[in-house]
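> Have a look at this one.
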Amino acid sequence: MTSLSRPSTSYSAASTSYQYGSTNSNSYSLPPLGRRSSTARPSTTRPSTGRRSRASSILGGGESQQIICAISEGRGVSPTVGLAFVNISTGEAVLSQICDNQFYVKTLHKLQVFEPTQILIVSTSGPPHPKSKMYEVVEENILGARIITVDRRYWSETSGIEYIQQLAFKEDLEAIKVAIGGNYFSVCCFSAALKYIDMSLSLTFAFHSLRVKYQPSEDSMMIDLATIQSLELIQNLQNAKSKDCLFGLMNETLTPMGSRLLRSNILQPSTQSTLLVARYDALAELSENEDMFLQTRQALKSIPDIEKLLTCLIIIPTIPGIWNSEQDINRILMLKSFAQSIGPVFESLSGARSELLAQIRNNCRTEVVDSTMQLINEVVNEDVTYQKTPLDLRNQRTYAVKAGVSGFLDVARQTFKEATEDVHQHVTEIHQKYEMQGETRFDNLRRYYLRFSENEFDGRSIPDVLINRFRRKGYIECQTLDLVKLNQKIEDSHIEVILGSDKTIQELLENVRSEIPSLFRVCESIAMLDMITSFGQLVTSQGTYVRPEITDCIAIKSGRHPIRDKVPSNKFVPNDYYATQQSRFQVITGCNMSGKSTYIRGVALMSVMAQVGCFVPASYASFPMIHQLFARVSMDDSIEANVSTFASEMRETAFILRNIDEKSLAIIDELGRGTSTRDGLAIALSIAEALAESRALIWFATHFKELAQIMSERPGVEVYHLSVDMDNPNTMTMLYKIGQGCVAEQHYGLALARVVDLPPKILAVAEKVSKTLVAQIAAKKISSRASATNKRRKLLRGLKEHLEQLQDSPMDNQTLLEWVERVRREFIIRMENIENEKADSDTETSEDENTNEESDILFSEGSRSKETPARDGTTGLLIAQGLKKAGIDFEVFEQATSANSKNRARDWSMALHWGSQHLHSCLPDEILKNIESLECDTYYQDEHGPIPSLSFHDAQSGETLLNLPSDGIRRVSRKKMRGLFSKGLAIQYNKRLASFTASDTTVTVKFEDGTSASGTHLVGADGAKSSLRTRLLGDTAALTPMPYTMYNFKTNFTAEQARYLKETSTFHPIMNFGTNHELKTFSMISILDVVDREKPETWMFQLFWSVFEEDPKLQEKVATMSHEEKLKFLQSNAELWADPWKSALKWIPKGTEVPADVCMLWKDPVQWDNHHGRVTLAGDAAHAMPPHRGQGLNNAIQDAAHYVEAIKKIREGTSSAAEAISAYDAEVLERGRREINISAATSVAAHDLNVFKTSPLYRMGFRQPQAVDEVSPWTR
């Protein structure tokens, strides 16, 4: 690609010879694309493998459009992803920036909704470079788009802003600038997308003609692809052409724009209550005012696809041809027809009262298009209109421009007229000469031709004068040589007319383009009106629909499944729904075909309808704002993906568990039925409990009665069933009615088998086996005290919710008293039942239960051998938590004398970024959910919002040298991390390693206090100066000193000083780092702990100075200096620093302890002897590195996660100890060696600004290095 003086997006058609002129242009097609510019980068396109094309749409229900998407991401644990979509077919650009997770869920959702034809990614993220994780995720999940890599230099924020200023509507510019403020990545993506369109597609948009919008991700409900398909939101699963889907049900639109808007809204329902209320008001008014509704529907029928028409008007061909000139006249005529059709729309809304309809009416005022009509009428004849038939359209084009523009144009028209008359005269002569009667017809390919019935030539031959003959359905179509010549003469004159009109038409187009913004607003208003009237058509023709209320709970009276409700064969049985936080998890039981799936799908579909702005099929409905919708309902094996039923449902469920939160709604149907009953129940129960803890609204349909019984005792859980009438032993009548409680213990499967007439012998054996199993289960049932306690708590929560609702009730006093009395009686009865169950339980024998418990303990002790993490630093604690989570026994030994030993007083903070993605492998949910508590300043984001980018400064002048993305980086307290990660662990203190011995199966460790311990594995996570590493490698394990002395300490300041430091413009909430080049010193200041945000004097700061000292003797001297002498040394150069470093140095209180250490690294890591997979290292013990790039903690976390996985493989028998641990060692060693070299190079650059711009920190920031990031080993 070559650089251009202005961001341009020119569209050039390939040069082709003109043969037959124009076609019927009612499709608003774009010119054929030319070749890709020879200067464009080669594309990185996935080879065709039989996957769906974009045209067929992975979601279905869409139309083929050309959409270019650019995506990029910032570095960090939770990546910030920028997206820009440019729809060439509809002239619209959408920018978005998302804070996503490691699985790119929200990014995939956006891509699946917009369905781009081409996806642009930064060139360094794809081949020939190693594929980034985002590239791989997009490649795997977005099957219909080409992935193209674009050089990084075209992802420019400056160019993106220039494009917005040049192409966006003038009146929208200020609002867009505000919206994109701080959204760096989305603006860069916009730049890359338009550069690609310019240089690879040769396409230009006219100035201030592109609809540019910023779309926040939080303003819409997220629905993943599997949910869209399984709920049949857009397409019926059985028949793609069927209208039996939500889109088919709601799509009564009359314009293509309305249909596109409806589809977009179904895929991304709004979460903005004010917007939805406006739509409800408009729909209510249209539904109640029949005359307005009918007039509006009638007015909309004449509206063409103006959205695509306007898009064609703003595209400027760089190499125009006769095709373009013809199409320009067609479009002017279509625009004229559209402008004339606005009046009826405005008149139909003359009495509108609702805000939305009034706004639409205002946008559709005839005054809005008057200027456009005036421009057209000055050039185009008044009686010329757009026509659909090819012949009429050609004639209208010929006489479109008013006479008198030029003599040449008038002569060409006269020639056209005379040649047309000659055609009709010639046809008359042919009929008379050969005594036959035919029709004169016209099409774009042959122009004029003749059509005769085959009966005309019965008994005689076809005259030779008729050429180009072929038969079609009883007719002969042909031409004559003279007719062919006349066609050519007409065509030549038509081309001359077009060329003579072109200058005038181009001037008209240029003037019309200034009206494009207002015309697009009219188009968008008509699309919204069409969608609302489509809802009106639905709700007035499909039975009872009700306006939803927006509340904090789901409450539906007589709700119906929207799609099933329109099936005329049977009357649908309505049901009620009610869900709050006290009844957020609802277990639905019942036999096969009882309607469980239909019931739970119904609430999901009604939620979507409500958040699209439509009424719902019910007699009353209220909904909260749902931000995420999940459905796990299908049971089909995926042959294409080679995934079994069970594996497929586990994968989808894992996705739900990773992303669900309290603002989500999920429906789960028959989870666990794809595997054995016992395993399925265990997994379904575990998942159900996790879902219940998420506090989302869940409908969980299951055949597992045991699951319903167990979950019924959990807080927030309700159990329901769908009833079946089995009074007649030979029939089963489905009542399809929801009822309270678990399904009764009836053998529905046996009953159904009798109904379908299985052989009696088989039925008899089945019934006998069933009764035996029931008797065994009944004998083992024991009601526990814990169960009774849970039931009491649940009953009390329900009572609390009742009373809270009654507090705001509009009931009068007498009715309220009666209701309270009723609640009181029910509460007493249910509490007595619980107490009776408990009393019965206390009298039963528990001999079997006691025996089982003892057996479990013996099994536990006898079946698991112990892992032995040595020391309890962060790495060791993580490994211990991971082993505990996996159910593997272990022991933790710490050389400190206690948890509060003196050596723990020296606290510091650490940078947690890309390593966060591995925490879930080791930490249980109860610890993971508190991970934010580790942050040094837990109040910052609540008060100030997102963390700004990290700035590296010239600490002498204060100048900013580099801005690094801060996404996902947390500054965490080492002390807090140790406290959180040690929860639930039994740590043995004062254990210093003396020696160890290892056999093929065990490891024995001896400590200096004379004690010993044995286990199957030993992992040394004992820090940079690891004693275990020394025992494994001897002198090879020694650390190498670097010429940097590090002063790392913590301190408080006065309230005024603390506030000043934190409010200094250069102070950053995560870390403030920079280099004083004159002093060859690197420094960092950060908040270590905000104890009380209202008391700045309690805030703890961490100060870090790293001083270059080439003479090792000076470093040795520092070790002998007192704290007072070290502080005096640092403060002696305070005036050579800029703030906040200068003030911080001056204000350090006297008596502050100032520890100093020489910076060390394990310069040449080598493989250690792992004793056949029994002994290994982790964390700093495996890769001691300098701290200047903040990578030690993150690598340690990855070590812990990988080690736990290796041990699990050994336990599962999928790998031997030697294989698993050797693979772990090799990965840790390679990764550690790479990072040691990169961190060492960063240390050099951090003290010398002359080499700073060539340093890894400048090139890579904090991201995890790949193989291509290898640097030369550090040498002193």
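For the sequence shown, my numbering assigns the number 1286 to the last residue and increments by one with no breaks. Heads up, the beta-carbon is just placed ideally off N, CA and C, and yes, glycines get one too. Treat the numbers as computed from the prediction; the structure is a model and nothing was measured.
1. Can you tell me which of T1061, L1038, E1126 and A1148 puts its alpha carbon nearest to the alpha carbon of E1088?
2. In three-state terms, what does DSSP make of R341?
3. Please tell me whether I1207 and L888 are closer than 8 Å, where the distance is taken between their beta carbons.
4. Which of the three DSSP states, helix, strand or coil, is assigned to H1193?
5. Check this for me: beta carbons of L548 and L259, under 8 Å apart or not?
6. Between which residues of its own chain and S873 is the CB-CB distance below 6 Å, once the five residues before and five after are set aside?
7. Between which two residues does the alpha helix (DSSP H) containing H119 stretch?
8. Once the 5 residues before and after Q282 are set aside, which same chain residues still bring their CB inside 7 Å of it?
9. I need the boundaries of the alpha helix (DSSP H) containing E1237, first residue and last residue.
10. Helix or strand or just coil, what does DSSP make of P1266?
11. Do S931 and G892 have their C-beta atoms within less than 8 Å of each other?
12. Closer than 8 Å is the cut-off here; do at least three beta carbon pairs connect the region 176-183 with the region 105-119?
13. In this structure, how does DSSP classify C533 when only helix, strand and coil are distinguished?
14. With a 10 Å radius around its C-beta and 16 neighbouring C-beta atoms as the bar for buried, classify D852 as buried or exposed.
15. Need the endpoints of the beta strand (DSSP E) that A698 sits in, please.
16. Which word fits N1180, buried or exposed, when buried means at least 16 other C-beta atoms lie within 10 angstroms of its C-beta?
17. So, do the region 356-371 and the region 281-296 have three or more beta carbon pairs nearer to each other than 8 Å?
18. Counting only the same chain and skipping the five closest in sequence on each side, list residues whose C-beta sits under 7 Å from that of N478.
19. For T159, count neighbouring C-beta atoms within 10 Å of its own C-beta (all shown protein chains included) and say buried if the count is 16 or more, exposed if not.
20. What's the gap between the Cα of V522 and the Cα of D512?
21. Comparing C-alpha positions only, which one of S74, I81, Q76 and V91 sits nearest to G978?
22. Are A236 and E662 touching if we call contact CB-CB under 8 Å?
23. Looking at I1246: is its Cβ nearer than 8 Å to the Cβ of M1170?
24. Compare the Cα-Cα distances from C198 to each of G353, Y206 and S169 and report the closest residue.
25. What does a CB cutoff of less than 6 Å around P527 pick up in its chain, not counting 5 residues either side in sequence?
26. With DSSP collapsed to three states, give me the class of P1051.
27. If you follow the beta strand (DSSP E) that I748 is part of, which residue opens it and which one closes it?
28. Report all residues from its chain with a CB closer than 7 Å to the CB of R1243; omit the five preceding and five following residues, and keep chain order.
29. Could you tell me the distance, in whole angstroms, from the CA atom of Y409 to the CA atom of R162?
30. When we look at the beta-carbon of H571 and count the other beta-carbons within 10 Å, is it buried (16 or more) or exposed?
31. Taking just the CA atoms, how far does I472 sit from T425?
32. Using only CA atoms, which one of I670, T608 and K1152 lies nearest to A711?
33. Please classify H434 as buried or exposed, where buried requires at least 16 neighbouring CB atoms within 10 angstroms.
34. With distances taken from CA atoms, which of A1210, D1045 and Q824 is nearest G883?
35. Rounded to the nearest angstrom, what separates P1283 and K1173 at their Cα positions?
36. Does the beta-carbon of R832 have 16 or more other beta-carbons within 10 angstroms, so that it is buried, or is it exposed?
So, from the listed chains and residues:
1. Locating residue 1088 in the sequence shown gives position 1078, where the first residue counts as 1. The shortest C-alpha separation from E1088 is found at A1148.
2. Along the sequence shown, one-based indexing puts residue 341 at 331. In the structure shown, R341 sits in a helix (DSSP, three-state: H, G or I).
3. As a working note, residue 1207 is residue 1197 in the sequence shown. As a working note, residue 888 is residue 878 in the sequence shown. Cβ atoms of I1207 and L888: closer than 8 Å.
4. Position 1183 of the sequence shown, counted from the first residue, corresponds to residue 1193. Coil at H1193, not helix or strand.
5. Against the sequence shown, residue 548 aligns to sequence position 538. Against the sequence shown, residue 259 aligns to sequence position 249. Cβ atoms of L548 and L259: closer than 8 Å.
6. Here the question's residue 873 lines up with position 863 in the sequence shown. Note that S873 scores a pLDDT of 28, beneath 50, so its modelled location is shaky; the value from the coordinates is reported in the next line. Taken in chain order, the list of residues that qualify is empty.
7. If you number the sequence shown from 1, residue 119 lands on position 109. Unbroken alpha helix (DSSP H) run through H119: V115 to F124.
8. In the sequence shown, the residue the question calls residue 282 occupies position 272. Cβ neighbours of Q282 beyond the five flanking positions: D229.
9. Walking along the sequence shown from the start, residue 1237 turns up at place 1227. Start and end: A1227 to A1256.
10. Start at 1 with the first residue of the sequence shown, and residue 1266 comes out as number 1256. Helix, per DSSP.
11. Stepping through the sequence shown from its first residue, residue 931 is reached at position 921. Stepping through the sequence shown from its first residue, residue 892 is reached at position 882. In contact: S931 and G892 (Cβ atoms closer than 8 Å).
12. no
13. In the sequence shown, residue 533 corresponds to position 523, counting from 1. Here C533 sits in helix by DSSP.
14. In the sequence shown, residue 852 corresponds to position 842, counting from 1. For D852, the predicted model reports a pLDDT of 48, less than 50, meaning its position is unreliable and no value from the coordinates is stated.
15. Counting from one through the sequence shown, the residue named residue 698 turns up at place 688. Element bounds for A698: not the beta strand (DSSP E) but the alpha helix (DSSP H), T687 to E703.
16. If you number the sequence shown from 1, residue 1180 lands on position 1170. Label assigned to N1180: buried.
17. yes
18. Reading the sequence shown from its first residue, position 468 is the one you call residue 478. Excluding sequence neighbours, N478 sits near C488 and Q489.
19. Working through the sequence shown from its first residue, we reach residue 159 at position 149. So T159 counts as buried.
20. In the sequence shown, counting from the first residue as 1, residue 522 sits at position 512. In the sequence shown, counting from the first residue as 1, residue 512 sits at position 502. Taking the straight line joining both Cα atoms gives about 15 Å.
21. Here residue 978 is taken as the residue at index 968 of the sequence shown, counted from 1. Nearest option by C-alpha distance: V91.
22. Here residue 236 refers to the residue found at position 226 of the sequence shown. Here residue 662 refers to the residue found at position 652 of the sequence shown. A contact, by the Cβ cut-off of 8 Å.
23. Here residue 1246 corresponds to residue number 1236 of the sequence shown, with the count starting at 1. Here residue 1170 corresponds to residue number 1160 of the sequence shown, with the count starting at 1. No, Cβ-Cβ distance for I1246 and M1170 is not below 8 Å.
24. Taking the sequence shown and counting its residues from 1, the one referred to as residue 198 is at position 188. Measuring from the Cα of C198, the nearest candidate turns out to be S169.
25. Your numbering for residue 527 matches position 517 in the sequence shown. Taken in chain order, the residues that qualify are F179.
26. Position 1041 of the sequence shown, counting from 1, holds the residue named residue 1051. Strand.
27. Taking the sequence shown and counting its residues from 1, one reaches residue 748 at position 738. Per DSSP, I748 belongs to the beta strand (DSSP E) from T743 to Q750.
28. Mapped onto the sequence shown, residue 1243 falls at position 1233. P1175, listed in sequence order.
29. Mapped onto the sequence shown, residue 409 falls at position 399. Mapped onto the sequence shown, residue 162 falls at position 152. Near 51 Å, if we compare the C-alpha coordinates of R162 and Y409.
30. The sequence position of residue 571 within the sequence shown is 561, counting from 1. The residue is buried, with at least 16 neighbouring Cβ atoms inside 10 Å.
31. As a first step, residue 425 is located in the sequence shown; it is residue number 415 there, counting from the start. As a first step, residue 472 is located in the sequence shown; it is residue number 462 there, counting from the start. If I take the Cα positions, the gap works out to 32 Å.
32. Residue 711 sits at position 701 when you count from the first residue of the sequence shown. Taking only the C-alpha atoms, the option nearest A711 is T608.
33. Sequence index remark: in the sequence shown, residue 434 carries index 424 (1-based). With fewer than 16 other Cβ atoms within 10 Å, it is exposed.
34. Residue mapping note: residue 883 aligns to position 873 of the sequence shown, counting from 1. Closest by alpha carbon: A1210.
35. The residue you call residue 1283 lines up with position 1273 of the sequence shown. The residue you call residue 1173 lines up with position 1163 of the sequence shown. Roughly 8 Å separates the two Cα atoms.
36. Taking the sequence shown and counting its residues from 1, one reaches residue 832 at position 822. It counts as exposed.
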